[in-house]
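In the UniProt record's numbering, the protein residues as written are 1 to 691.
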């Protein structure tokens, strides 16, 4: 964003700050070309001050507390902070610079203190508590009743019932955690960029396509380097490991990945340990045994015991499946003279076995998955067939970076729905992984409609060449678009419930369901066409992909479980737990959970586990597989009812996607499925039980 200035800003917002007023652009899209980093800083600070004044008006009222003058007033408050925070938060993930990171470090403790002011103010809590007590006798509709209950529970779990000393101590811990999480995220981004693997000789890149070699050359040129650079993505497994024939380079890439942020100036080990310790102390202060117990008090799983029961039931079968896969891979490697199968060999030989057994070479499928065609003729087309949504390019509307594109979304009857932004390619300053977030959320109370963005980290194609996706990246695009649909489908009154504002162990469910359409014949045939010839993906390949579905599930499930159980271990400690060396803590945790396997490292190790140390998934990474129980059962519901039909889409959208957090999420699931979820479809999908 070239217009962003690094000059220091005055404490009082400048009169020309475009964030001080609602955007005049369609749907409130921020005028990115006019916004500087200093505008963001000023507006966030001013927004916090403005909301504190609004809070003072609520707590200073001499009127008896009512829904309108207390809870609804809270929902209306903070307009400037919402606007500015959404812009700055998205930029910090997608367009980081040294100045932005400096501002982020400045604002993090102030934002933590501001959040505490909203949640812990005793006078405000007394008013919310009074409205909560009378909620069933106040003539409120069900969504308003749920809103009161949510505001009340939010504050109870945040510590509103603590005494003055307890609230003061809690605020100190929250401030420290905010600073530590910011430090963790910034360390990881810088360490990941520094760990990108340099390659001098193109011969070492044997196995990569011409486009991938050119992308590696461009990545080097972008850094001002000669030769080639292989940037790292967020998880442990790097896609190039499935293709590189040079075993030594595979080792270098793997070791660069698993040692990120584990030493030197960006070492996240001590940071993670301190985060876990403070979270444990905070949970104790709030009356919970561990941080995990605190988190589970407000999730659909309900308890750590329920999470343990699910995870432990999968450890044995997934470990056995992974070991069986390892034996097959060792045999394949031995034919190359490799007698010591290593973790950097797994993906390479797994792809070879897949090709030999099922005639599927997923690396060779990229020419059939051109980004724009997958997006328009696949992702958008499925949404049109299922929900009646249409997506019209808006080249007249600018994103926050030249890579970002904007589409206007219309509903089944042509009504305006919102805007969809796509930011799909990797670059310096952009954090790893893939995600959805919002610049504007839908609310009937505020009269706003959604503006959502999807971020991926696809390797940038050479100039003038099309961007090609791997099969995994196709799945990721459909997945993240499922989150976008959750935001775009929102039809709630209160912003607290909009879109993806649901429990963490439910939020992945709609996005996982949307993955089913990636290989749905009616969708696949529309987008899977060779980038040069236009020929459709051969039906024999599609059949082979289906036949190969269970190959690799042992590895995939075990690496996921290892990360999930590592997350649980860090967040089951008590203030008395001796952590010691974070790397040794991790080793013991994996061994104690029965998932320590040198050939199958966790999907995320401690020092780059951004989800739980610099994101919203602390003690909640289990939610992916918890949500997948709902997802797998819902996929069967779609199949039983004819699949990609508008009637099915209307039911799913109206009864679940549109409701956001305005109803109990499991009630919304039952409204679609007609019953509670059955775990059997998930077990069959992952090969954990006989098909």
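We put the CB at the ideal spot given by N, CA and C, even for glycine.
Straight-line Cα distance separating residue j from residue i
i, j, result
"residue 650", "residue 212", "41 Å"
"residue 195", "residue 413", "50 Å"
"residue 283", "residue 491", "34 Å"
"residue 152", "residue 248", "57 Å"
"residue 41", "residue 114", "15 Å"
"residue 478", "residue 53", "42 Å"
"residue 219", "residue 390", "35 Å"
"residue 354", "residue 241", "15 Å"
"residue 345", "residue 259", "17 Å"
"residue 588", "residue 270", "17 Å"
"residue 268", "residue 177", "14 Å"
"residue 378", "residue 419", "18 Å"
"residue 207", "residue 43", "50 Å"
"residue 296", "residue 507", "14 Å"
"residue 98", "residue 425", "21 Å"
"residue 404", "residue 421", "7 Å"
"residue 61", "residue 159", "23 Å"
"residue 327", "residue 308", "29 Å"
"residue 235", "residue 169", "35 Å"
"residue 80", "residue 446", "13 Å"
"residue 483", "residue 568", "25 Å"
"residue 680", "residue 310", "12 Å"
"residue 500", "residue 647", "23 Å"
"residue 359", "residue 365", "12 Å"
"residue 331", "residue 548", "19 Å"
"residue 676", "residue 496", "26 Å"
"residue 683", "residue 627", "13 Å"
"residue 481", "residue 438", "12 Å"
Whole-Å CB distance - residue i paired with residue j, under 8 Å assumed
i, j, result
"residue 227", "residue 197", "Contact flag wrong, Cβ pair sits at about 11 Å."
"residue 131", "residue 88", "Incorrect: roughly 32 Å between the Cβ atoms, too far for contact."
"residue 634", "residue 261", "With a Cβ gap of about 37 Å, residue 634 and residue 261 do not count as contacting."
"residue 574", "residue 290", "6 Å"
"residue 468", "residue 406", "Contact flag wrong, Cβ pair sits at about 23 Å."
"residue 502", "residue 660", "6 Å"
"residue 528", "residue 369", "7 Å"
"residue 393", "residue 599", "Residue 393 to residue 599, Cβ: 46 Å. No contact."
"residue 129", "residue 322", "Going by Cβ atoms, the distance from residue 129 to residue 322 rounds to 51 Å, so no, they are not a contact pair."
Residue(s) in a DSSP beta bridge with residue i
i, result
"residue 692", "What the structure shows of the chain is the stretch from 1 to 691, and residue 692 is not part of that stretch, so it cannot be assessed."
"residue 418", "409"
"residue 230", "197"
"residue 435", "455"
"residue 529", "536"
"residue 440", "451"
"residue 425", "458"
"residue 370", "468"
Cβ-based burial, residue i [other Cβ within 10 Å; buried from 16]
i, result
"residue 12", "exposed"
"residue 51", "buried"
"residue 312", "exposed"
"residue 21", "exposed"
"residue 578", "exposed"
"residue 550", "exposed"
"residue 653", "buried"
"residue 57", "exposed"
"residue 108", "buried"
"residue 611", "buried"
"residue 225", "exposed"
"residue 724", "There is simply no residue 724 to check, as the chain begins at 1 and stops at 691 in what is shown."
"residue 546", "exposed"
"residue 526", "buried"
"residue 133", "exposed"
"residue 662", "buried"
"residue 505", "buried"
Closer than 7 Å: residue i CB and nearest the ligand COA heavy atom
i, result
"residue 355", "Because no ligand of any kind appears in the structure shown, any question about the ligand COA cannot be addressed here."
Chain B within 8 Å of residue i, Cβ atoms only
i, result
"residue 218", "Of the protein chains in this structure there is only one, and it is not chain B."
key: Touching by the beta-carbon criterion (3+ pairs, under 8 Å), the stretch 90-110 and the stretch 416-432   = yes
query = Should the stretch 446-456 be regarded as contacting the stretch 104-120, the criterion being three or more beta carbon pairs within less than 8 Å?
reply = no
key: Given 8 Å, three or more beta-carbon pairs between the stretch 613-622 and the stretch 651-667   = no
query = Does the count of Cβ pairs from the stretch 478-488 and the stretch 431-442 closer than 8 Å reach three?
reply = yes
task = Count the C-beta pairs between the stretch 549-560 and the stretch 315-332 that are closer than 8 Å, then say yes if the count reaches three, no if not.
result = yes
task = Examine the Cβ distances between the stretch 138-149 and the stretch 160-180 and report whether three or more of them are shorter than 8 Å.
result = no
query = Hey, is the stretch 98-108 in contact with the stretch 27-36, meaning 3+ C-beta pairs nearer than 8 Å?
reply = no
task = Check whether the stretch 588-597 touches the stretch 562-574, taking contact to mean three or more Cβ pairs, one atom from each stretch, closer than 8 Å.
result = yes
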